[in-house]
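**Student:**
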Amino acid sequence: MNAPAPQYCATPGQRHDPMTTRAMVTAPHYLATQSGLHVLRSGGNAVDAAIAVAATLAVVYPQMCAVGGDSFWLIWNAHTRELRALNASGRSGERVTRAHYRGLGLEAIPPRGWLAANTVPGIPSGWDEAWRWSQATMPSTRRWHELFDDAIAYAEQGAPVTPSLAHWLAVNVDPADERFRALQRFEGFRRCFLKPDGSPWTVGEVLRQPELAQTLRILARDGASAFYRGEIAQRIVDDLQANGGLLTREDFAAHRADWVAPISVPYRDTVAYNFPPNTQGMASLAILNILQHFDLSKIPEGSADYYHLLIEATKEAFVDRDRFLTDPDFQHIPLDRLLSREHGAAQAARIRMDRAAGPLAPLDPKGDTVWFGVVDGHGNAVSLIQSIYHDFGSGIVPAGTGVILQNRGSFFSLSDDHVNRLEPRKRCFHTLNPAMLFRDGRPWLVYGTMGGEGQPQTQAAIATRIVDYGLTPAEAVAAPRWLHGRTWGAASNDTKIESRVPQAVRDELARRGHPVRAVDDYTDVMGHAGAILIDAGSGVLQGATDPRSDGLAAGF
Numbered sequence: 152m153n154a155p156a157p158q159y160c161a162t163p164g165q166r167h168d169p170m171t172t173r174a175m176v177t178a179p180h181y182l183a184t185q186s187g188l189h190v191l192r193s194g195g196n197a198v199d200a201a202i203a204v205a206a207t208l209a210v211v212y213p214q215m216c217a218v219g220g221d222s223f224w225l226i227w228n229a230h231t232r233e234l235r236a237l238n239a240s241g242r243s244g245e246r247v248t249r250a251h252y253r254g255l256g257l258e259a260i261p262p263r264g265w266l267a268a269n270t271v272p273g274i275p276s277g278w279d280e281a282w283r284w285s286q287a288t289m290p291s292t293r294r295w296h297e298l299f300d301d302a303i304a305y306a307e308q309g310a311p312v313t314p315s316l317a318h319w320l321a322v323n324v325d326p327a328d329e330r331f332r333a334l335q336r337f338e339g340f341r342r343c344f345l346k347p348d349g350s351p352w353t354v355g356e357v358l359r360q361p362e363l364a365q366t367l368r369i370l371a372r373d374g375a376s377a378f379y380r381g382e383i384a385q386r387i388v389d390d391l392q393a394n395g396g397l398l399t400r401e402d403f404a405a406h407r408a409d410w411v412a413p414i415s416v417p418y419r420d421t422v423a424y425n426f427p428p429n430t431q432g433m434a435s436l437a438i439l440n441i442l443q444h445f446d447l448s449k450i451p452e453g454s455a456d457y458y459h460l461l462i463e464a465t466k467e468a469f470v471d472r473d474r475f476l477t478d479p480d481f482q483h484i485p486l487d488r489l490l491s492r493e494h495g496a497a498q499a500a501r502i503r504m505d506r507a508a509g510p511l512a513p514l515d516p517k518g519d520t521v522w523f524g525v526v527d528g529h530g531n532a533v534s535l536i537q538s539i540y541h542d543f544g545s546g547i548v549p550a551g552t553g554v555i556l557q558n559r560g561s562f563f564s565l566s567d568d569h570v571n572r573l574e575p576r577k578r579c580f581h582t583l584n585p586a587m588l589f590r591d592g593r594p595w596l597v598y599g600t601m602g603g604e605g606q607p608q609t610q611a612a613i614a615t616r617i618v619d620y621g622l623t624p625a626e627a628v629a630a631p632r633w634l635h636g637r638t639w640g641a642a643s644n645d646t647k648i649e650s651r652v653p654q655a656v657r658d659e660l661a662r663r664g665h666p667v668r669a670v671d672d673y674t675d676v677m678g679h680a681g682a683i684l685i686d687a688g689s690g691v692l693q694g695a696t697d698p699r700s701d702g703l704a705a706g707f
């Protein structure tokens, strides 16, 4: 391990390192964390708590996630000693073709509106499938419908608008930007998220979502079947088809969440696990696979060398990602080769410490996401990420549902030779990827983040700062961050770096050729990260949430 690194605080002069020996939840909204803790205290397991957290987030954090989005799960079952991955992302509809969009005179799929809502939401199927599996393999005294109590109450009775929600509501009624914003043009969005006079809710005002409360009641009563084959599906499809949308009842009925094999690479004395394609988990692992060939004990944390090395490793990882990442049902992806030690060594050899490599081609800004983690008293652990892509997704809220539909499928390409080209019944390229580090065959660090292109970079920052430099989870999450490339609301391919990084370090990065742009300290452009460290010897759980979010890490 390196010499002691700087101590980073959530805010100047403040330290917050929640610790417990029983159970821990970290989520980007404090009400969601409390929902998870309530379920754990009353006899639920980690999966039960994760569903409660996810459902509450879909109500109180609608700018980042919703019932109408996708999710990806990593679940450690302490009883069977197995790590499982659940892909709850939706596929494009049978009628969703490149020819259809071209026939409308389009060169790209619109980022907002009914044509952007072209993939079936996967989140309810993930909740349902994970719960059914956990009930057969993990102790629990909680029933399915009880997991939605808080979410239903917050939707019906209301929840205070946080600074993050107020900001993104205000941004999204900008009439000058009808490509990405001006969501008030959609009646469902106006009805659910704006005041009667058309103005956005502000901080501290109470937002009520009665239509969403009714949808959650139906899910609590009937399970995911109501969403895919019952009355919720009918309402969504009716609204879409009345407005030129493409999804059908058959598309919803055909959807399923799939158990898949996690992918991994060794990193120092740990094993890093992540999610396979169609997610960019391969890129998150590739960065660590490259860094494995450098001796970070000789590189001070927070130095220009540190930032330079991680940015250059990211560039190498993204080259492979952008060449290969798609739905593996449609194209072979050579993961064994891409994550091999030999390939990582070759990538590492191309990195020059005195000069930055050329930039990548910029891609569209993306996407709005939440990550959260749960560890229960039996040692079961969940790393879970769910998203609607852009802030407020497609902007479409079908009448009578309160459900924001994602616009993930707007990232499909209409080019015939693009790796992520649109095809019917295809899963799109996803930035989402939940992570865990294992030590001695069991979870040691449960972690993740939102933030589009920043997700692999922030994961690498957290992993290196904890594994190589000995920072606590709270210090690693609060430490200054950078982001090379795009994230939600920022398509530029510059290197965004928080102003807390010393000017001399930023100047040195610029001298080496990095297009440095200083951004605000603790800006949410860097995403909302979190982590739970599990000390197998003492049994202590140490949590962290991001000071850039409305979050809370707490245990009991």
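Whatever position you read off the sequence shown (first residue = 1), add 151 for the numbering used here. Quick reminder that beta carbons are idealized off the backbone N, C-alpha and C, glycines included.
Does the segment 316-336 come close enough to the segment 524-531 to have 3 or more Cβ pairs within less than 8 Å?
**Tutor:** Result no; under three Cβ-Cβ pairs closer than 8 Å.
**Student:** Counting only runs of 4+ residues fully inside the segment 605-631, write out the alpha helix (DSSP H) ranges in chain order.
**Tutor:** Runs found: 605-618 and 624-629.
**Student:** With distances taken Cα to Cα, identify the nearest neighbour of V570 among Y379, I536 and D471.
**Tutor:** For the purposes of this step, residue 570 is taken as residue 419 along the sequence shown, with counting starting at 1. Here the closest residue by C-alpha is D471.
**Student:** So, under 8 Å CB-CB, D136 and R657 are touching, yes? Tell me the CB distance rounded to an integer number of Å.
**Tutor:** The displayed coordinates of the chain run from 152 to 707. Any statement about residue 136 would go beyond what the structure contains.
**Student:** Return helix, strand or coil for F445, following the three-state DSSP convention.
**Tutor:** For the purposes of this step, residue 445 is identified with residue 294 of the sequence shown, where counting begins at 1. Correct three-state label for F445: coil.
**Student:** Note down, in chain order, each residue of its chain lying with its Cβ closer than 6 Å to the Cβ of T600, except the 5 sequence neighbours on either side.
**Tutor:** What you label residue 600 is simply residue 449 of the sequence shown in a count that begins at 1. Once the five neighbours on either side are set aside, the close Cβ partners of T600 are W522, Q606, T609, G678 and A680.
**Student:** Determine the direct distance from the alpha carbon of R590 to that of D420, and round the result to whole angstroms.
**Tutor:** For the purposes of this step, residue 420 is taken as residue 269 along the sequence shown, with counting starting at 1. For the purposes of this step, residue 590 is taken as residue 439 along the sequence shown, with counting starting at 1. The straight-line gap from Cα to Cα measures roughly 7 Å.
**Student:** Could you say which of D697, V670, S240 and Q392 lies nearest to I708 if we only look at CA atoms?
**Tutor:** Residue 708 falls outside the range modelled here, since the chain spans only 152 to 707, and no answer is possible.
**Student:** What would DSSP say about H318, mapped onto helix, strand or coil?
**Tutor:** Numbered from 1 along the sequence shown, position 167 holds the residue referred to as residue 318. The answer is helix: DSSP assigns H318 an H, G or I state.
**Student:** Let's test the definition: count the other Cβ atoms within 10 Å of the Cβ of L255 and tell me whether it reaches 16, buried, or not, exposed.
**Tutor:** Taking the sequence shown and counting its residues from 1, one reaches residue 255 at position 104. The residue is exposed, with fewer than 16 neighbouring Cβ atoms inside 10 Å.
**Student:** Roughly how many whole angstroms lie between the Cα atoms of G277 and F223?
**Tutor:** As a working note, residue 277 is residue 126 in the sequence shown. As a working note, residue 223 is residue 72 in the sequence shown. Approximately 8 Å between the Cα atoms of the pair.
**Student:** Consult DSSP for W295 and reduce its assignment to one of helix, strand or coil.
**Tutor:** Counting from one through the sequence shown, the residue named residue 295 turns up at place 144. W295: helix per DSSP, three-state reduction.
**Student:** Report, in whole angstroms, the separation of the C-beta atoms of A364 and E307, which I expect to be a contact under 8 Å.
**Tutor:** Numbered from its first residue, the sequence shown carries residue 364 at position 213. Numbered from its first residue, the sequence shown carries residue 307 at position 156. About 4 Å; that satisfies the 8 Å criterion.
**Student:** Start and end of the beta strand (DSSP E) containing T430?
**Tutor:** One-based indexing of the sequence shown puts residue 430 at position 279. Where T430 is concerned, there is no enclosing beta strand (DSSP E), given that its DSSP letter is neither H nor E.
**Student:** Following the continuous alpha helix (DSSP H) through G706, name the residue where it begins and the one where it ends.
**Tutor:** Along the sequence shown, one-based indexing puts residue 706 at 555. Unbroken run through G706 is the beta strand (DSSP E), L703 to G706; no alpha helix (DSSP H).
**Student:** Excluding the 5 residues flanking G551 on each side, which residues of the same chain have their C-beta closer than 7 Å to its C-beta?
**Tutor:** Locating residue 551 in the sequence shown gives position 400, counting from the first residue. Here the set comprises E362 and R386.
**Student:** Looking at the structure shown, is A497 part of a helix, part of a strand, or coil, going by DSSP?
**Tutor:** What you label residue 497 is simply residue 346 of the sequence shown in a count that begins at 1. DSSP places A497 in helix when its eight states are reduced to three.
**Student:** Would you report the Cα separation of L476 and W284, rounded to the nearest angstrom?
**Tutor:** The residue labelled residue 476 in the question sits at position 325 within the sequence shown. The residue labelled residue 284 in the question sits at position 133 within the sequence shown. Whole-angstrom Cα-Cα distance: 29 Å.
**Student:** If you run the structure through DSSP and keep just helix, strand and coil, what is D373?
**Tutor:** Against the sequence shown, residue 373 aligns to sequence position 222. In this structure, D373 counts as helix in the three-state DSSP scheme.
**Student:** Thinking C-beta only, is G220 closer than 9 Å to F337?
**Tutor:** Your numbering for residue 337 matches position 186 in the sequence shown. Your numbering for residue 220 matches position 69 in the sequence shown. Contact: no.
**Student:** Taking the alpha helix (DSSP H) that T600 belongs to, which residues open and close that run?
**Tutor:** By 1-based counting over the sequence shown, the position of residue 600 is 449. It is not in any alpha helix (DSSP H) - T600 instead sits in the beta strand (DSSP E) that spans R593 to T600.
**Student:** Roughly how many angstroms lie between the CA atoms of T172 and L692, to the nearest whole one?
**Tutor:** As a first step, residue 172 must be located in the sequence shown, where it is residue number 21. As a first step, residue 692 must be located in the sequence shown, where it is residue number 541. Roughly 6 Å between the two C-alpha positions.
**Student:** Select from N238, V354 and L182 the residue whose C-alpha is nearest the C-alpha of Q537.
**Tutor:** Taking the sequence shown and counting its residues from 1, one reaches residue 537 at position 386. Out of N238, V354 and L182, N238 has the C-alpha closest to the C-alpha of Q537.
**Student:** Spatial neighbours of G495 within its chain, please: CB distance less than 8 Å, with the 5 preceding and 5 following residues excluded, ordered by chain position.
**Tutor:** Taking the sequence shown and counting its residues from 1, the one referred to as residue 495 is at position 344. Closer than 8 Å at Cβ, skipping near neighbours: V416, A437, N440, I441, Q443 and H444.
**Student:** Pop quiz: H406 and G195 are said to be a contact at Cβ under 8 Å. What is the actual Cβ separation, rounded to whole angstroms?
**Tutor:** Indexing the sequence shown from 1 puts residue 406 at position 255. Indexing the sequence shown from 1 puts residue 195 at position 44. Actually they do not touch by this definition, with Cβ atoms about 26 Å apart.
**Student:** Report the partner residues of G349 according to the DSSP bridge assignment.
**Tutor:** Counted from its first residue, the sequence shown places residue 349 at position 198. For G349, which the question treats as bridged, DSSP gives no partner whatsoever.
**Student:** In the segment 382-406, which residue ranges form an unbroken beta strand (DSSP E) of at least 3 residues, counting only runs that do not cross its ends?
**Tutor:** List check, beta strand (DSSP E) in window: nothing returned.
**Student:** Flag this pair as touching only if the segment 616-625 and the segment 245-259 have three or more C-beta atom pairs under 8 Å; answer yes or no.
**Tutor:** The segment 616-625 is not in contact with the segment 245-259.
**Student:** Check each candidate in Y458, R341, A209 and G396 and name the one with the smallest Cα separation from E659.
**Tutor:** Here residue 659 is taken as the residue at index 508 of the sequence shown, counted from 1. When only C-alpha atoms are compared, the closest one is Y458.
**Student:** For H180, which of helix, strand or coil comes out of DSSP?
**Tutor:** For the purposes of this step, residue 180 is taken as the residue at position 29 of the sequence shown. H180: strand per DSSP, three-state reduction.
**Student:** In the structure shown, what three-state DSSP assignment does E97 receive?
**Tutor:** Lying outside 152 to 707, the shown extent of the chain, residue 97 is not represented and no answer is given.
**Student:** How would you write the range of the alpha helix (DSSP H) that H251 sits in, first residue to last?
**Tutor:** The residue you call residue 251 lines up with position 100 of the sequence shown. Looking at the DSSP string, the run of the alpha helix (DSSP H) that includes H251 is R249 to G254.
**Student:** Indicate the three-state DSSP secondary structure (helix, strand or coil) for Q557 in the structure shown.
**Tutor:** Residue mapping note: residue 557 aligns to position 406 of the sequence shown, counting from 1. Coil, per DSSP.
**Student:** Let me check you understand the geometry: is the CB of V416 closer than 8 Å to at least one non-hydrogen atom of the ligand ADP?
**Tutor:** As for the ligand ADP, it is missing from this structure, which has no ligand bound.
**Student:** Return helix, strand or coil for S534, following the three-state DSSP convention.
**Tutor:** Counting from one through the sequence shown, the residue named residue 534 turns up at place 383. Strand.
**Student:** Mind reading off the beta-carbon distance from V218 to P169? Whole number of angstroms is fine, and I expect it under 8 Å.
**Tutor:** Along the sequence shown, one-based indexing puts residue 218 at 67. Along the sequence shown, one-based indexing puts residue 169 at 18. 29 Å between Cβ atoms; not a contact.
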